[in-house]
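A.B. asks: Keeping their order, the protein sequence lines are chains A and B. Letter by letter, the first sequence follows residues 1 to 366 of our numbering. Letter by letter, the second sequence follows residues 1001 to 1366 of our numbering. Idealized CB from N, CA, C, for every residue including glycine. Here the structure is a predicted model, which is why all the values come from computation and not from measurement. Starting off with a structure, shown below.
Protein chains: 2
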Amino acid sequence: MSVSETSGPTVYDVAERAGVSIATVSRVYRNPDTVRAATREKVLAAGQELGYVPSASARGLASRSTGVLGLFFPDFADPEAEAQAEARAEGSVPDGAMEDVELSFYGDEVIRGMERAARRRGYALLIAAAPMDRAGEVLPEVAGRVDGLAVLAHHVPADALDMVSRRLPVVVLAGDQARGRGSVDRIDVANFDGQMELTRHLIEDHGLRDLAFIGGPEDSPDAGARFRGFQAAHLAAGLPLPELPATRGDLTLAAGRKAALELLDRDGARLQGLVFANDQMAVGALHALAERGVSVPGDLAVTGFDGIPLGRLVRPALTTVRQPMPRLGERAVELLLARLADRERPVVSPTLPTAVARRASCGCGA
Amino acid sequence: MSVSETSGPTVYDVAERAGVSIATVSRVYRNPDTVRAATREKVLAAGQELGYVPSASARGLASRSTGVLGLFFPDFADPEAEAQAEARAEGSVPDGAMEDVELSFYGDEVIRGMERAARRRGYALLIAAAPMDRAGEVLPEVAGRVDGLAVLAHHVPADALDMVSRRLPVVVLAGDQARGRGSVDRIDVANFDGQMELTRHLIEDHGLRDLAFIGGPEDSPDAGARFRGFQAAHLAAGLPLPELPATRGDLTLAAGRKAALELLDRDGARLQGLVFANDQMAVGALHALAERGVSVPGDLAVTGFDGIPLGRLVRPALTTVRQPMPRLGERAVELLLARLADRERPVVSPTLPTAVARRASCGCGA
DNA sequence: GGATACTCTGAATGCGCTTCCATGCAGGGA
DNA sequence: TCCCTGCATGGAAGCGCATTCAGAGTATCC
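Spelled out as structure tokens, the structure:
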């Protein structure tokens, strides 16, 4: 029994112990049905006794597939925030500072949805975050490890994406609309439709006219699409078209707070509703407004976008547009496997539906 | 230029194109310094042009290491919840139902901390969830793919854990104290100390005497340790020792709500504080109490445990014991790499400190 | 009873890369 | 000028498994 000391027993060890060839051992673990029951038991027993664990590397090399899907997403934490995160973990930073990043990162739900779907299909999930400026280096690295790759980052260098997608199935999630259209599968979320529906609800059902849209960063395609939905609802109602967002924020709680106060000071008397590009800003605004004694939805309606769990727990509960994040991950797995099965299949780019959640902050229900 | 059609160019293709041997190509990508600059450039250029991506499988097989660390954790979603999750994603389930699972799964933070630490050390992270009853099957599967494995599940079958840990470094995170002591690295969190400190704060600083502890499931070692910390604080103050938790819950918002109402009806007049085994229950209780018109902390102090972001956003802000979740993941990486470097190093089981966050719900600050 | 058709198993090959060892070559000291 | 040293590169041997191709063994049928 000469079990390799360095990295556990191999097929050879198991084969020797069971008195069969390595081919049979391989078959037992790979397609058990092709081996006679008695032989199979013998091999399995030997494997058990030796603590045999098949090497995924060897299997991958021989079978030309890794059984792993990858999810690439941006790391929002810059080095500074990272250092702070560590300090906080140690308890050396005062409570209350800078937790926006940690607060319900929507990628978490995508990860969970994708992991679940992948596992159900017999795949494992490799996750790789990277600061956006290093995406070009990290991408090929993870590409070498997986059979298919989902990319959640908006701005991945096109050449890196090209190179990778030439080698394996790639699906871009909720990415830049303009980028890479037609060459690679993509999954979009109905940002436009969702925001339009929500805005029409405010206009038509609640009779609001003077709405302010608080946008995201200029380079956020999602936030851009939401604003266009906001505009479209105005068109539909025959209201004057808002040319630009009333202001912008960086999608954090603090930005929402700031935007709310700013708009309140500027057009407080006139405004009837604040339409935020995402939930976090809307929640920040709710707090700020409460402190100012502004009643929501009495004096001012407030809405968000995303459907983070927190939105239901604040008071008033936040009216928002819910995104199907876990579903995004699940669909990604489906598309990757479909393309894995047929590399020639036509490129697709489904759009996942969103749903308006009417809660208290717009004047609905309790 | 005979690039293999099926799975991209290989070292052979790059070598041929660059007019060097495959050994040199390998060196260029592995230790660039050992290759003359001119040669290196030539190879790199050839690699670029061909879209060469090294195969992790081959590399792993040849070098006997995968460059991947794994994180294994329980999948809380039973099949039913899973189906519901899908339905919800489609928008076909009424809002407001059953999102407890999604609400700040503390594993998310561990995942992020671990991914970050792993990447910094040049490793990728493979995540694998599994229903606890299938842990025994899934564990070896992921073990074959990684160089080291962190296990976040409390009750992993001992034999599976044994088998895996014989083959590669394993670290158990916040696991069952009694299980596997001494044979494998583990990282614990100061559940006992944290809860004791918080409870002493309630007793000594706020002068509260009649506190009710709302425990977790009987088989939760974490919740158990917290209750013992609660008991110890009573001992320290010379107060009567609570023999058992006043009641138990399953750690969800709903359970907290239910427990709060139940205790209110039972001992409402006497009670001065509700000490919950985790934050989610505490937040659920805050809502229930608000609806009942019970003032917190005026009539009743409420505390939690975990330090989820939500705790800071509810009103009153929740006093709690913060766990260093991301740090847990980081430490896991450190321990795994340390053991990877020296398989013979003594087994360690550090305990990560917790920190009491004094916020409004216990009567502190604003 | 012998040929035919299966079923099960083993030998051998190669997946793409790392790495040890050998080789060629330039430069420096004798 | 020659030998030795050191560096840059090539040759070649696996890493552990999947898989093809044959051969051995067994059951079936006439």
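1) If you compare alpha carbons, which of ALA1233(B), GLY1268(B), MET1281(B) and GLY1229(B) is closest to ARG1248(B)?
2) Is it true that the CB of VAL146(A) sits closer than 8 Å to the CB of LEU126(A)?
3) Please compile the residues from chain B whose C-beta is within a distance smaller than 8 Å of the C-beta of ARG257(A).
4) With a CB to CB cut of under 8 Å and the five nearest residues on each side skipped, what residues in its chain are close to GLY1019(B)?
5) If I measure Cβ to Cβ from THR199(A) and keep anything under 6 Å in the same chain, skipping five residues before and after, which residues do I get?
6) Chain B partners of VAL11(A), CB-CB under 7 Å?
7) By alpha-carbon positions, which one of LEU1352(B), LEU1244(B), GLU1334(B) and LEU1340(B) ends up nearest to GLU1115(B)?
8) Measure the C-alpha to C-alpha separation of ALA1130(B) and LEU251(A) and round it to an integer number of angstroms.
9) Suppose you measure from the CA of PRO1217(B) to the CA of LEU352(A); what does that come to, to the nearest Å?
10) For ASP306(A), which residues does DSSP report across the bridge?
11) So if I threshold CB-CB distances at 8 Å, which residues from the segment 104 to 116 of chain A count as touching chain B?
12) Just verifying my parser: in three-state terms, what is the DSSP assignment at VAL348(A)?
13) On the three-pair Cβ rule with 8 Å, is the segment 164 to 173 of chain A touching the segment 305 to 325 of chain A?
14) With 8 Å as the threshold, decide whether the Cβ of VAL170(A) is near any Cβ in chain B.
15) Just the chain A side, please: which residues come within less than 9 Å of ALA1277(B) by C-beta, in chain order?
16) Kindly indicate which residue of ALA117(A), ARG40(A), VAL142(A) and LEU139(A) has the alpha-carbon position closest to the one of SER21(A).
17) Could you check where the alpha helix (DSSP H) with LEU1161(B) kicks off and where it finishes?
18) Could you tell me whether the segment 1321 to 1330 of chain B touches the segment 1049 to 1061 of chain B, where touching means 3 or more Cβ pairs closer than 8 Å?
19) Whole-angstrom Cβ separation of SER349(A) and ASP188(A), contact assumed at under 8 Å?
20) At what residues does the beta strand (DSSP E) containing ILE1127(B) begin and finish?
21) Can you tell me the Cα-Cα spacing of VAL1138(B) and ASP265(A), whole angstroms?
22) Out of curiosity, what's the CA-to-CA distance linking GLY1067(B) and GLY144(A)?
23) Determine the burial state of GLY1240(B): buried for a count of at least 16 other Cβ atoms within 10 Å of its Cβ, exposed for fewer.
24) Indicate whether GLN128(A) and VAL156(A) have their beta-carbon atoms separated by less than 8 Å.
25) Does the count of Cβ pairs from the segment 289 to 305 of chain A and the segment 23 to 31 of chain A closer than 8 Å reach three?
26) Residues of chain A with CB closer than 7 Å to the CB of MET1196(B), please, in chain order.
27) Measuring only between beta-carbons, confirm whether SER1057(B) sits less than 8 Å from chain A.
28) Pull the bridge partners of LEU173(A) from the DSSP assignment, please.
29) Let's test the definition: count the other Cβ atoms within 10 Å of the Cβ of GLY1096(B) and tell me whether it reaches 16, buried, or not, exposed.
30) Taking DSSP as the reference, what is the three-state secondary structure of ARG266(A)?
31) Does the beta-carbon distance from LEU318(A) to GLN272(A) come in below 8 Å?
32) Just mark PRO1316(B) as buried or exposed, buried being the case when its beta carbon has 16 or more other beta carbons within 10 Å.
33) For VAL14(A), which residues of its own chain have a beta-carbon under 7 Å away from its beta-carbon, when the five flanking residues on both sides are left out?
34) Note down, in chain order, all residues in the segment 121 to 152 of chain A with a beta-carbon under 9 Å from any beta-carbon belonging to chain B.
35) Counting only runs of 4+ residues fully inside the segment 205 to 257 of chain A, write out the alpha helix (DSSP H) ranges in chain order.
36) What does the alpha-carbon distance come out to for the pair ARG112(A) and GLY1363(B)?
C.D. replies: Quick answer:
1) MET1281(B)
2) yes
3) Going along chain B, no residue has its Cβ under 8 Å from ARG257(A), so there is no contact; the nearest lies around 12 Å.
4) LYS1042
5) PHE230 and ALA233
6) Within 7 Å of the CB of VAL11(A), no CB atom of chain B is found; the nearest one sits about 12 Å away.
7) Ranking the options by Cα distance to GLU1115(B), first place goes to GLU1334(B).
8) 34 Å
9) For PRO1217(B) and LEU352(A), the distance between alpha carbons rounds to 38 Å.
10) Bridge partners of ASP306(A): ARG322(A).
11) SER104, PHE105, ASP108, GLU109, ILE111, ARG112, GLY113, GLU115 and ARG116
12) coil
13) no
14) So, not an interface residue.
15) By Cβ distance, chain A contributes nothing, its closest Cβ being about 19 Å from ALA1277(B), past 9 Å.
16) ARG40(A)
17) 1158 to 1167
18) no
19) 6 Å
20) 1124 to 1130
21) 58 Å
22) 12 Å
23) The residue you asked about is not Gly; residue 1240(B) is Pro in the sequence shown. It is exposed - the Cβ of PRO1240(B) has fewer than 16 other Cβ atoms within 10 Å.
24) Checking the sequence, you will find Ala at residue 128(A) rather than Gln. No.
25) no
26) The premise fails here: MET1196(B) is roughly 16 Å from chain A at the closest Cβ pair, so nothing lies under 7 Å.
27) yes
28) The beta-bridge partner set that DSSP reports for LEU173(A) consists of ILE187(A).
29) A caution first: GLY1096(B) carries a pLDDT of 35, below 50, which makes its placement in the model unreliable, though a value can still be read off. Label assigned to GLY1096(B): exposed.
30) If DSSP states are grouped into helix, strand and coil, ARG266(A) belongs with the helices.
31) no
32) buried
33) VAL25, VAL43, ALA46, GLY47, LEU50 and TYR52
34) From the segment 121 to 152 of chain A, only ALA124, LEU125, LEU126, ILE127, ALA128, ALA129, ALA130, VAL138, PRO140, GLU141, VAL142, ALA143, GLY144, ARG145 and VAL146 have a Cβ closer than 9 Å to chain B.
35) As far as the segment 205 to 257 of chain A is concerned, its whole alpha helix (DSSP H) runs of at least 4 residues are 221 to 237.
36) 37 Å
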